[in-house]
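K.L.:
Got a structure for you, questions after.
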Amino acid sequence: MSASLLPAIRKSGLEIHAGILAGCLLIAPAFAAEQENIQQKPHVEESGQKVQEKKAKPPAKPTYYVQYRSSGLTLQSDPPRYVKQANQTWLKDQGWQDVDWLDLGVEIRARYEYINNDFRKKTETIDEPFQLRSRLYAAIKNKFDPLRATFEFQDSRRYNSQYPDTNLEVNKTEFIQGYGELYFKDALGKDDLGTNRPLSLRYGRHAFELTDKRLIARNEFRNTTNNFQGIRALLGSKNSDWQADFFAFNPIVRFMDQTDKANDAQWFYGAKFDLRKWSKIVTFQPYYYLLQQNGSKMKYASSGAFATAADKKDREIHTAGLRAYGIVADTGLDWDLNYLKQWGEDGGLNQDSYGYNMEAGYTFGNHAWKPRFMANMGYASGDANLTDQTSQRFEGLFGFARPWSHSNYIKMENIRAVKLRGEFSPTANLKIDFGYSWYDLASATDRWAASGYRDTSGKSGKEIGQEFDILARFPVTKYLSMVAGYSYFMAGDFAEAQSQKQQPGRDNDTHYVWIDAMVVAF
Numbered sequence: 009m010s011a012s013l014l015p016a017i018r019k020s021g022l023e024i025h026a027g028i029l030a031g032c033l034l035i036a037p038a039f040a041a042e043q044e045n046i047q048q049k050p051h052v053e054e055s056g057q058k059v060q061e062k063k064a065k066p067p068a069k070p071t072y073y074v075q076y077r078s079s080g081l082t083l084q085s086d087p088p089r090y091v092k093q094a095n096q097t098w099l100k101d102q103g104w105q106d107v108d109w110l111d112l113g114v115e116i117r118a119r120y121e122y123i124n125n126d127f128r129k130k131t132e133t134i135d136e137p138f139q140l141r142s143r144l145y146a147a148i149k150n151k152f153d154p155l156r157a158t159f160e161f162q163d164s165r166r167y168n169s170q171y172p173d174t175n176l177e178v179n180k181t182e183f184i185q186g187y188g189e190l191y192f193k194d195a196l197g198k199d200d201l202g203t204n205r206p207l208s209l210r211y212g213r214h215a216f217e218l219t220d221k222r223l224i225a226r227n228e229f230r231n232t233t234n235n236f237q238g239i240r241a242l243l244g245s246k247n248s249d250w251q252a253d254f255f256a257f258n259p260i261v262r263f264m265d266q267t268d269k270a271n272d273a274q275w276f277y278g279a280k281f282d283l284r285k286w287s288k289i290v291t292f293q294p295y296y297y298l299l300q301q302n303g304s305k306m307k308y309a310s311s312g313a314f315a316t317a318a319d320k321k322d323r324e325i326h327t328a329g330l331r332a333y334g335i336v337a338d339t340g341l342d343w344d345l346n347y348l349k350q351w352g353e354d355g356g357l358n359q360d361s362y363g364y365n366m367e368a369g370y371t372f373g374n375h376a377w378k379p380r381f382m383a384n385m386g387y388a389s390g391d392a393n394l395t396d397q398t399s400q401r402f403e404g405l406f407g408f409a410r411p412w413s414h415s416n417y418i419k420m421e422n423i424r425a426v427k428l429r430g431e432f433s434p435t436a437n438l439k440i441d442f443g444y445s446w447y448d449l450a451s452a453t454d455r456w457a458a459s460g461y462r463d464t465s466g467k468s469g470k471e472i473g474q475e476f477d478i479l480a481r482f483p484v485t486k487y488l489s490m491v492a493g494y495s496y497f498m499a500g501d502f503a504e505a506q507s508q509k510q511q512p513g514r515d516n517d518t519h520y521v522w523i524d525a526m527v528v529a530f
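Following the working numbering, the residues of the sequence shown are numbered contiguously, the last one being 530.
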């Protein structure tokens, strides 16, 4: 193919996807208004008098589940939030009022970004990429129980960037989920509140999140999604007094332009429990994960590129942790603690690392804006000595970096972070949160993971930098929502020294702006 044709093809693809998005943005408000009119339309009694339909909401069933208030850590639901039961959507007015056995979802997200001086890149530039992510979801339940099936399709693309695409932004036409399920509604009896404890056995491809997302996450902000292939067993439910999750997976290697493949060289095992019997005071989440890698079988790196000699190493990383969180009665106080320990073997080195996160918050429940303020401290150890036979660098597994930094500069590796945040809702539909963070290396001789910068002498210090961020979320209609965010990063001594070595005269600040438009069908 002629190189001169490539820009035209890329431009054509961008115009097609932009046209799809624009159409959705134009149609969604009118469609939403029409659906709301249908839902609010009064019915006519036999006497001819119009009466507005009103359905009394059943009283909430008591549950052991308590939702934590920790900032940015809310898990994606199962099924995802953009999914609805067919007879609870506008399809019920199209003859689907009895279809309670089908879950459906369609979601399109478009994101514009402006990034000035990205420290993850070798030189100072301005980049303005446009990212598009489309999802389709369908699941059959109840109809053929205990047999069930779930499918989730995703297409992720990026346009207009100065940098080569990676599988963090691009993964075309893939099933991120596709599994068969055996579901037994009350196989494990009921708890003291009368809630069923089901048993679910799932086999196939999975995308999900656990605990606080720092080790296992779908990565909802990122344009592509972590997923796995194998078997998963779920015991109990979100609302029951206890719940357990067991799995044995091959992680999926994402390829940008070809079919994704399970990584046969890696196995990821896990067990996680939720103990909610005392949830009015505390919920406990003990967990254990094991990542095993056979270096001789490694064909691909996590980036999708062919594995190098450095990738082809044997690994056995054990991770054990305990998370506990709670809300202190009616005081407005909440707290969240998580401690993790890792051990094992990493390419001939002994693994000996640890991490923790601590958060405390206060919500002004009597204020109309429901403001919440919190303080958080997080830590993940870094390698202290290049010459010994031990690695203290924490392994972040398949986690979500977003809770650490809105600039995407921080991962759960060699980091000490202190964060202050505030959240409030000035109107029923507008949510705003803002924060200020301080970032330092846990070990001055180990790397800053996002940038790859490292000073093995430790003379550049530990200070990565400070960051201010603000985020606004607001729905435009029932089917269209927007998110706008801004992050300002100020380089510290370490980041400044290392970046100046790479490009003398480089700016010490980063400005990052992003705008999301999300369209859903239901």
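Backbone N, C-alpha and C define an ideal beta-carbon position, used for all residues, glycine too.
Flag this pair as touching only if the segment 212–228 and the segment 124–138 have three or more C-beta atom pairs under 8 Å; answer yes or no.
P.N.:
Judged by Cβ distances under 8 Å, the segment 212–228 makes no contact with the segment 124–138, as fewer than three pairs qualify.
K.L.:
Identify the continuous alpha helix (DSSP H) that holds Phe502 and give its terminal residues.
P.N.:
For the purposes of this step, residue 502 is taken as residue 494 along the sequence shown, with counting starting at 1. First-last of the alpha helix (DSSP H) with Phe502: 501–510.
K.L.:
Note the first and the last residue of the continuous beta strand (DSSP E) segment covering Asn179.
P.N.:
Along the sequence shown, one-based indexing puts residue 179 at 171. Counting along the chain, the beta strand (DSSP E) containing Asn179 begins and ends at 179–192.
K.L.:
Rounded to whole angstroms, what's the CA-CA distance from Met264 to Glu182? Just pull it up for me.
P.N.:
Along the sequence shown, read from residue 1 onward, the residue named residue 264 stands at position 256. Along the sequence shown, read from residue 1 onward, the residue named residue 182 stands at position 174. Whole-angstrom Cα-Cα distance: 10 Å.
K.L.:
Considering only residues of the same chain and omitting the five flanking positions on each side of Ile478, which have a CB-CB separation below 6 Å?
P.N.:
One-based indexing of the sequence shown puts residue 478 at position 470. Within the same chain, Ile478 has close Cβ partners Phe442, Tyr494.
K.L.:
Look up Tyr364 in the DSSP assignment and give the residues it is bridged to.
P.N.:
Working through the sequence shown from its first residue, we reach residue 364 at position 356. Beta-bridge pairing links Tyr364 to Tyr347, Tyr387.
K.L.:
Since Arg240 and Phe255 are thought to touch, with beta carbons under 8 Å apart, how far apart are those beta carbons, to the nearest angstrom?
P.N.:
Your numbering for residue 240 matches position 232 in the sequence shown. Your numbering for residue 255 matches position 247 in the sequence shown. With a Cβ gap of about 4 Å, Arg240 and Phe255 count as contacting.
K.L.:
Please report how far the alpha carbon of His214 lies from the alpha carbon of Leu176, in whole angstroms.
P.N.:
For the purposes of this step, residue 214 is taken as the residue at position 206 of the sequence shown. For the purposes of this step, residue 176 is taken as the residue at position 168 of the sequence shown. So the alpha carbons of these two residues sit roughly 18 Å apart.
K.L.:
If you check the beta carbons only, do Glu160 and Gln185 fall under 8 Å apart?
P.N.:
Position 152 of the sequence shown, counted from the start, is the residue given in the question as residue 160. Position 177 of the sequence shown, counted from the start, is the residue given in the question as residue 185. Yes, the pair counts as a contact, with Cβ atoms nearer than the cut-off.
K.L.:
On the DSSP bridge list, what partners appear for Met490?
P.N.:
What you label residue 490 is simply residue 482 of the sequence shown in a count that begins at 1. Looking at the DSSP assignment, Met490 forms a beta bridge with Phe482, Ala525.
K.L.:
Whole angstroms are fine: how far does the CA of Ile472 sit from the CA of Tyr520?
P.N.:
Position 512 of the sequence shown, counted from the start, is the residue given in the question as residue 520. Position 464 of the sequence shown, counted from the start, is the residue given in the question as residue 472. Taking the straight line joining both Cα atoms gives about 17 Å.
K.L.:
For Ala38, which of helix, strand or coil comes out of DSSP?
P.N.:
Position 30 of the sequence shown holds residue 38. Confidence in Ala38 is poor, its pLDDT being 43 and thus under 50, which makes the residue's placement unreliable; the coordinate value appears in the next sentence. Helix, per DSSP.
K.L.:
For His414, count neighbouring Cβ atoms within 10 angstroms of its own Cβ and tell me buried if that reaches 16, exposed if not.
P.N.:
The residue given as residue 414 occupies position 406 in the sequence shown. Per the 10 Å Cβ criterion, buried.
K.L.:
Report all residues from its chain with a CB closer than 6 Å to the CB of Glu431; omit the five preceding and five following residues, and keep chain order.
P.N.:
Your numbering for residue 431 matches position 423 in the sequence shown. Within the same chain, Glu431 has close Cβ partners Arg380, Asp441.
K.L.:
Is it true that the CB of Tyr447 sits closer than 8 Å to the CB of Arg455?
P.N.:
Along the sequence shown, one-based indexing puts residue 455 at 447. Along the sequence shown, one-based indexing puts residue 447 at 439. Taking 8 Å as the Cβ cut-off, Arg455 and Tyr447 do not qualify as a contacting pair.
K.L.:
From Lys92 to Gly369, what does the alpha carbon distance come to, in whole angstroms?
P.N.:
Here residue 92 refers to the residue found at position 84 of the sequence shown. Here residue 369 refers to the residue found at position 361 of the sequence shown. So the two alpha carbons sit approximately 32 Å from each other.
K.L.:
Check Gln293 in the structure and name its three-state DSSP category.
P.N.:
Taking the sequence shown and counting its residues from 1, the one referred to as residue 293 is at position 285. Looking at Gln293 - three-state DSSP - the assignment turns out to be strand.
K.L.:
Cα separation between Arg429 and Ala388?
P.N.:
Along the sequence shown, read from residue 1 onward, the residue named residue 429 stands at position 421. Along the sequence shown, read from residue 1 onward, the residue named residue 388 stands at position 380. Each residue's Cα considered, the two are about 20 Å apart.
K.L.:
Just tell me which of Val178, Leu155, Thr435 has its CA closest to the CA of Arg210.
P.N.:
What you label residue 210 is simply residue 202 of the sequence shown in a count that begins at 1. Nearest option by C-alpha distance: Leu155.
K.L.:
Between Ala525, Phe497, Leu438, Asp86, which has its C-alpha nearest Asn247's C-alpha?
P.N.:
The sequence position of residue 247 within the sequence shown is 239, counting from 1. Measuring from the Cα of Asn247, the nearest candidate turns out to be Asp86.
K.L.:
Going by the CB atoms, is the gap between Lys419 and Ala450 shorter than 8 Å?
P.N.:
Position 442 of the sequence shown, counted from the start, is the residue given in the question as residue 450. Position 411 of the sequence shown, counted from the start, is the residue given in the question as residue 419. Against a cut-off of 8 Å, the Cβ pair of Lys419 and Ala450 comes out as no contact.
K.L.:
Grab me the residues of Ser433's own chain with a C-beta within less than 8 Å of its C-beta, minus the 5 sequence neighbours each way, in chain order.
P.N.:
Here the question's residue 433 lines up with position 425 in the sequence shown. For Ser433, where only same-chain residues beyond five positions count, the Cβ hits under 8 Å are Trp377, Lys378, Lys439, Ile440.
K.L.:
Can you tell which of Pro172, Asn234, Gln251 has its C-alpha closest to the C-alpha of Pro531?
P.N.:
In the structure displayed, the chain extends from 9 to 530; residue 531 sits before or after that span and is not available.
K.L.:
Indicate the three-state DSSP secondary structure (helix, strand or coil) for Ser413 in the structure shown.
P.N.:
Along the sequence shown, one-based indexing puts residue 413 at 405. Looking at Ser413 - three-state DSSP - the assignment turns out to be coil, as it is neither helix nor strand.
K.L.:
For Gln301 and Glu121, what's the separation of their Cα atoms in angstroms?
P.N.:
Numbered from its first residue, the sequence shown carries residue 301 at position 293. Numbered from its first residue, the sequence shown carries residue 121 at position 113. Each residue's alpha carbon lies about 36 Å from the other.
K.L.:
Just to confirm, is the Cβ distance from Tyr296 to Thr327 under 8 Å?
P.N.:
Taking the first residue of the sequence shown as 1, we reach residue 296 at position 288. Taking the first residue of the sequence shown as 1, we reach residue 327 at position 319. Yes, these two residues count as a Cβ contact at 8 Å.
K.L.:
Any idea which residues DSSP pairs Arg323 with across the strands?
P.N.:
Here residue 323 refers to the residue found at position 315 when the sequence shown is read from its first residue. Paired residues: Gln301, Asp354.
K.L.:
With the cut-off set at 8 Å, would you say Asp354 and Arg323 are in Cβ contact?
P.N.:
Here residue 354 corresponds to residue number 346 of the sequence shown, with the count starting at 1. Here residue 323 corresponds to residue number 315 of the sequence shown, with the count starting at 1. Result yes, Cβ atoms of Asp354 and Arg323 sit closer than 8 Å.
K.L.:
Just to confirm before moving on: does the CB-CB distance between Asp342 and Tyr76 stay below 8 Å?
P.N.:
Position 334 of the sequence shown, counted from the first residue, corresponds to residue 342. Position 68 of the sequence shown, counted from the first residue, corresponds to residue 76. Yes.
K.L.:
On the criterion of 16 or more Cβ atoms from any shown chain inside 10 Å, does Gln266 qualify as buried, or is it exposed?
P.N.:
Here residue 266 corresponds to residue number 258 of the sequence shown, with the count starting at 1. That one is exposed.
K.L.:
Is DSSP giving Gln397 helix, strand or coil here?
P.N.:
Counting from 1 along the sequence shown, the entry for residue 397 is found at position 389. Gln397 falls in the coil class under three-state DSSP.
K.L.:
I need the straight-line Cα distance from Gly466 to Ala452, nearest angstrom please.
P.N.:
Here residue 466 corresponds to residue number 458 of the sequence shown, with the count starting at 1. Here residue 452 corresponds to residue number 444 of the sequence shown, with the count starting at 1. Straight-line Cα distance between these residues: approximately 5 Å.
K.L.:
Please report how far the alpha carbon of Tyr333 lies from the alpha carbon of Gly513, in whole angstroms.
P.N.:
Here the question's residue 333 lines up with position 325 in the sequence shown. Here the question's residue 513 lines up with position 505 in the sequence shown. Cα-Cα distance, rounded: 46 Å.
K.L.:
Are Asn235 and Asp515 touching if we call contact CB-CB under 8 Å?
P.N.:
Counted from its first residue, the sequence shown places residue 235 at position 227. Counted from its first residue, the sequence shown places residue 515 at position 507. Not closer than 8 Å, so no.
K.L.:
I think Gly278 touches Asn258, with their Cβ atoms under 8 Å apart; what is that distance to the nearest whole Å?
P.N.:
Within the sequence shown, the letter at position 270 stands for residue 278. Within the sequence shown, the letter at position 250 stands for residue 258. Actually they are not in contact, since the Cβ atoms of Gly278 and Asn258 sit about 13 Å apart, beyond 8 Å.
K.L.:
Put Leu99 into one of helix, strand or coil per three-state DSSP.
P.N.:
In the sequence shown, counting from the first residue as 1, residue 99 sits at position 91. In this structure, Leu99 counts as helix in the three-state DSSP scheme.
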